[in-house]
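To start, the structure under review is shown below, and the notes come after it.
Number of protein chains: 2
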Amino acid sequence: MGATFPSMSSSSAVPAAKPPIRDALVAAAFRLFLERGFEQTTVDDIVALAGVGRRSFFRYFPSKEDVVFPDHEGCLADMTAFLAASGPEHEPVRRVCDAARLVLRMYAENPAFSVQRYRLTRQVPGLRAYELSVVWRYERALAEYLRGRFAGRPDGTLRADVIAAAVVAAHNNALRSWLRSDGVGDAGAAVDHALAYVQMTYARPADAPALWSGPAGAEPGPGGDVVVLVSRRDAPLWRVVQELETVLDRP
Amino acid sequence: MGATFPSMSSSSAVPAAKPPIRDALVAAAFRLFLERGFEQTTVDDIVALAGVGRRSFFRYFPSKEDVVFPDHEGCLADMTAFLAASGPEHEPVRRVCDAARLVLRMYAENPAFSVQRYRLTRQVPGLRAYELSVVWRYERALAEYLRGRFAGRPDGTLRADVIAAAVVAAHNNALRSWLRSDGVGDAGAAVDHALAYVQMTYARPADAPALWSGPAGAEPGPGGDVVVLVSRRDAPLWRVVQELETVLDRP
DNA sequence: TCGGCTGAGGGTACTGAGTGTCGCATCCTC
DNA sequence: GAGGATGCGACACTCAGTACCCTCAGCCGA
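Next up, the structure:
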């Protein structure tokens, strides 16, 4: 109700003279969407309520769906900049988790607005599809960053894609549960918990440890021969598995 | 070019008298899409070429985008049935990986068609958005199954969502790389490799295998203590990994 | 002061996707 | 063969999105 509407207020340097007409369109659109539904509201209804010409709507928003996500473009730009500003000193998985937290911050900045939008996107298939494409762009940004960091590693792009998907899924799991509870409670803590699960699973030190392995003498017992693998306890698990695959001669 | 077009040929019991008009629409649509592009082709063009009435197009396909994915609805039904037919004896993560392989099988059944469609979806934003919503439904099916299997566990829904996303990402990573190489090579092997990575990460069986492992006497060398793992050579890799995780005392 | 330039916004008309409705033909059943 | 169900075509309509052109304000150099 009394929620203020986000326009483009990203962390960009210049406020850039935000046009009041854009905010008027968002406000009018949400009023009508909540009153009579998204599909029952035409663009003409919105521009009539906002008091602007129909053509102006499409000057500010490429499509009717865009007006529901007026702040994601800026948030995506922030995330891209955040990742681009990363250095080799940052642990990659932790870095993409931090990038995901930028999205949460945007939602948490305006709980009432976010909850309203969540209810809307849940019941309008068209909006859900649009949201998927937005989420997909976030995921691609994370994956591209990880691909760069994992370049050269075996299965680097696979690892990058899987971890990006896991981060997004964990983030959305916590975010949606927060939105479903009407935005009460600590969203940041919930997302931290969810992302910790992903970090716990995937975050491994980048430097390769001294790992020694070798098949010991085979002793054909009753069930086949035996493999003995010796490894440092603090070796990254995936390295151990890699060695295991080599030893076992399996893909 | 000479590719046959899939209609709904899922593994349903009855062939169910597949309507030739549907196949005609798909064939006509793809001919025109490849000739002059998706957006440059109107529904009127398609129905004119197929020789049917315009209204019939929307009887078979809810939208113009649907005609590009004529077989996904059936595949999704197959996957849902596959998961519904699962029992407690199936390891959950392995089960969703097998479910994902159903999708790959659909793509691999018709490589030429799949490659054409991939090229189309890559360059048409509207189709990409539509594909995302299709993939999302697969992912939700996997996640719902896992949520059921993980019910009661701490963070069960989180684990379910993350693993479902990881499976889909791994599957798509391998699938897209196969499609990008024009459908040559063994798609099944590529997907198996990608899914093995996910299984390796997440699969945790309930029953203990015939696998013996144990940390040998620690010998604190210059880099930390050492783990010795002994395993049958024919033991499943993920089982070995599970034991490793236990030994290493990591999540 | 004048004339032209530019850029934001308004107005109109058009294309094309998707829907509702009606009428007609065919087929199946009793 | 009557009656109902189903499948298809034809027409009309709504609405999102686009192209084109208009106005008007501000701003410039001459």
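If you're matching them up, the sequences are chains Z and W in order. Using our numbering, the first residue of the first sequence is number 1, and each one after it goes up by one. Using our numbering, the first residue of the second sequence is number 1001, and each one after it goes up by one. The beta carbon of each residue, even a glycine, is placed where N, CA and C say it ideally should be.
Cβ of residue i within 6 Å of any heavy atom in the ligand FMN?
i: V67 (chain Z); result: Only the bare structure without any ligand can be found here, which leaves the ligand FMN out of the picture.
Give me the residue from the options with the minimum Cα distance to residue i.
i: D98 (chain Z); options: Z:L142, Z:S177 and Z:P20; result: Z:L142
i: G183 (chain Z); options: Z:H193, Z:N172, Z:Y107 and Z:M200; result: Z:Y107
i: E65 (chain Z); options: Z:F113, Z:R55, Z:G51 and Z:G126; result: Z:G126
i: Y1202 (chain W); options: W:A1027, W:V1162, W:P1088 and W:T1121; result: W:V1162
i: A160 (chain Z); options: Z:R147, Z:V167 and Z:G152; result: Z:R147
i: Y1130 (chain W); options: W:G1087, W:V1103 and W:S1063; result: W:S1063
i: A1196 (chain W); options: W:R1101, W:L1025 and W:S1133; result: W:R1101
i: S133 (chain Z); options: Z:E73, Z:V43, Z:R54 and Z:Q40; result: Z:E73
i: H171 (chain Z); options: Z:L49, Z:F61, Z:A187 and Z:A24; result: Z:A187
i: F33 (chain Z); options: Z:R119, Z:R140, Z:P92 and Z:A81; result: Z:R119
i: N110 (chain Z); options: Z:R128, Z:P70, Z:D155 and Z:H90; result: Z:P70
i: V1198 (chain W); options: Z:A166, Z:Y60 and Z:D44; result: Z:A166
i: V336 (chain Z); options: Z:G185, Z:A29, Z:S181 and Z:S114; result: The requested residue 336 (chain Z) is not part of the displayed model; chain Z covers only 1 to 251.
i: V1103 (chain W); options: W:R1176, W:D1044 and W:A1048; result: W:R1176
i: R180 (chain Z); options: Z:Q40, Z:R117 and Z:T157; result: Z:R117
i: G185 (chain Z); options: Z:A24, Z:A81 and Z:V115; result: Z:V115
i: T1080 (chain W); options: W:Y1145, W:D1192, W:G1156 and W:M1200; result: W:Y1145
i: F1061 (chain W); options: W:D1044, W:R1022 and W:D1192; result: W:R1022
i: V52 (chain Z); options: Z:E35, Z:D78 and Z:P20; result: Z:P20
Listing by chain order, which chain W residues have their CB less than 8 Å from the CB of residue i?
i: N173 (chain Z); result: T1157, L1158, D1161 and V1162
i: A85 (chain Z); result: Correct list: empty, because the minimum Cβ distance to chain W is about 25 Å.
i: V93 (chain Z); result: Neighbours of V93 (chain Z) on chain W: none; closest Cβ ~13 Å, over 8 Å.
Using a C-beta to C-beta distance shorter than 9 Å, which residues of chain W count as neighbours of residue i?
i: A100 (chain Z); result: Within chain W, no residue comes near A100 (chain Z); the closest Cβ sits about 13 Å away, beyond 9 Å.
i: A170 (chain Z); result: L1158, D1161, V1162 and A1165
Taking Cβ-Cβ distances shorter than 7 Å, what residues in chain Z pair up with residue i?
i: F1136 (chain W); result: The sequence shown places Trp at residue 1136 (chain W), rather than the Phe named in the question. Here the neighbours are L132.
i: T1201 (chain W); result: T201
For chain W, find out if any of its Cβ atoms is closer than 7 Å to the Cβ of residue i; answer yes or no.
i: A187 (chain Z); result: no
i: R153 (chain Z); result: no
i: A77 (chain Z); result: no
i: A166 (chain Z); result: yes
i: D182 (chain Z); result: no
i: P20 (chain Z); result: no
Could you check whether the Cβ of residue i sits closer than 7 Å to any Cβ belonging to chain Z?
i: A1129 (chain W); result: yes
i: G1217 (chain W); result: With a pLDDT of only 36 at G1217 (chain W), under 50, the local geometry of the prediction cannot be trusted, and no value is derived from it.
i: G1214 (chain W); result: Because the pLDDT of G1214 (chain W) is 32, which lies under 50, any placement of that residue in the model is unreliable, and the number read from its coordinates should be weighed accordingly. Answer no: the Cβ-Cβ gap between G1214 (chain W) and chain Z never drops below 7 Å.
i: P1209 (chain W); result: Confidence in P1209 (chain W) is poor, its pLDDT being 33 and thus under 50, which makes the residue's placement unreliable; the coordinate value appears in the next sentence. P1209 (chain W) does not count as touching chain Z.
i: P1205 (chain W); result: Confidence is the limiting factor: at P1205 (chain W) the pLDDT is only 45, short of 50, which leaves the residue's position unreliable and the question unanswerable from this model.
Within this structure, are the beta carbons of residue i and residue j separated by less than 7 Å?
i: F1058 (chain W); j: V1124 (chain W); result: no
i: W1178 (chain W); j: A1169 (chain W); result: no
i: A151 (chain Z); j: A174 (chain Z); result: no
i: R153 (chain Z); j: P92 (chain Z); result: no
i: R137 (chain Z); j: L76 (chain Z); result: yes
i: A112 (chain Z); j: E139 (chain Z); result: no
i: S1086 (chain W); j: R1094 (chain W); result: no
i: A50 (chain Z); j: L25 (chain Z); result: yes
What does residue i touch in chain Z if you count any residue whose Cβ is under 8 Å from its own?
i: Y1197 (chain W); result: D155, L158, R159 and V162
Listing by chain order, which chain Z residues have their CB less than 9 Å from the CB of residue i?
i: A1321 (chain W); result: Here chain W comprises residues numbered 1001 to 1251, so residue 1321 (chain W) is not present and cannot be evaluated.
What in chain W is Cβ-close to residue i, meaning under 7 Å?
i: A194 (chain Z); result: L1158
Members of the region 32-61 of chain Z that neighbour chain W once the beta carbon cut-off is set at 9 Å: none
Just by C-beta distance, which residues in the region 1101-1119 of chain W are closer than 7 Å to chain Z? none
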